[in-house]
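Chemist: Handing you this structure, nothing more for now.
In the working numbering, the protein residues as written are 22 to 199.
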């Protein structure tokens, strides 16, 4: 191989590894809307998919006039019924009530929910409005995240690059010794 070909190969592999992580960044998430007695409740997922483990969720609440509902007491319970075919334990999976915190004065409340199993879950969101407790249920499908093939591919590419460089240096050393 010529020096120019080797140099081009190394530069190409380097940029491929660097750019692969930025080109495949996560999206802005998903929004699910519900109306409960004139109150609009939006569930915003931080990603397009909900995965087992911790997930950051945002709840936005709006009153009948479309104004942000401030100072609400928001609690979320994630419940997976035992009849879900994806639930391998075949018992009810349920999280403790998680109190969501207000992040600003725009009716946004955030918190973290831990999903123990993959399958169909119901998020039971309870909140107070005008001293009345209201509840909205949101159905979400939780998947198993599995391995991150982009990171594994990046490491594999780096290993291949190291092997190629080592082979080239070894051949140069043999050629100079002759």
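For every residue, glycine included, the Cβ atom is placed at its ideal position computed from N, Cα and C.
None of these values were measured; they are calculated from a predicted model.
With DSSP run on the structure shown, which of helix, strand or coil describes residue 132?
Modeler: Here residue 132 sits in strand by DSSP.
Chemist: Label residue 171 either buried or exposed according to how many other C-beta atoms from any shown protein chain fall within 10 Å of its C-beta, with 16 as the threshold for buried.
Modeler: Exposed, because fewer than 16 other Cβ atoms sit within 10 Å of the Cβ of residue 171.
Chemist: Could you pull out every residue in the same chain whose Cβ sits closer than 7 Å to the Cβ of residue 116, ignoring the five residues on either side in sequence?
Modeler: For residue 116, where only same-chain residues beyond five positions count, the Cβ hits under 7 Å are 98, 99, 134 and 135.
Chemist: For the putative contact between residue 144 and residue 121, defined by C-beta atoms under 8 Å, what is the C-beta separation to the nearest angstrom?
Modeler: Actually they do not touch by this definition, with Cβ atoms about 11 Å apart.
Chemist: Considering only C-alpha positions, which residue in the set 141, 25, 123 and 118 is nearest to residue 73?
Modeler: Among 141, 25, 123 and 118, the Cα nearest to that of residue 73 is on 141.
Chemist: Counting along the chain, where does the beta strand (DSSP E) carrying residue 23 start and finish?
Modeler: Premise fails: residue 23 is in no beta strand (DSSP E) and is neither H nor E.
Chemist: Indicate whether residue 164 and residue 157 have their beta-carbon atoms separated by less than 8 Å.
Modeler: Not a contact, by the Cβ cut-off of 8 Å.
Chemist: Beta strand (DSSP E) containing residue 117: first to last residue?
Modeler: It is not in any beta strand (DSSP E) - residue 117 carries neither H nor E in the DSSP assignment.
Chemist: Where does residue 74 fall in DSSP's three states?
Modeler: If DSSP states are grouped into helix, strand and coil, residue 74 belongs with the strands.
Chemist: Looking at the secondary structure, which residues open and close the beta strand (DSSP E) in which residue 162 lies?
Modeler: Residues 153 to 164.
Chemist: Below 8 Å, how does it come out for the stretch 54 to 65 and the stretch 76 to 93: are there three or more Cβ pairs, yes or no?
Modeler: In short, these stretches touch, since the Cβ pair count reaches three.
Chemist: To the nearest angstrom, how far is the alpha carbon of residue 46 from that of residue 75?
Modeler: With a pLDDT of 44 at residue 46, under the threshold of 50, the modelled position of this residue cannot be trusted; read the value that follows with caution. Taking the straight line from one Cα to the other gives about 19 Å.
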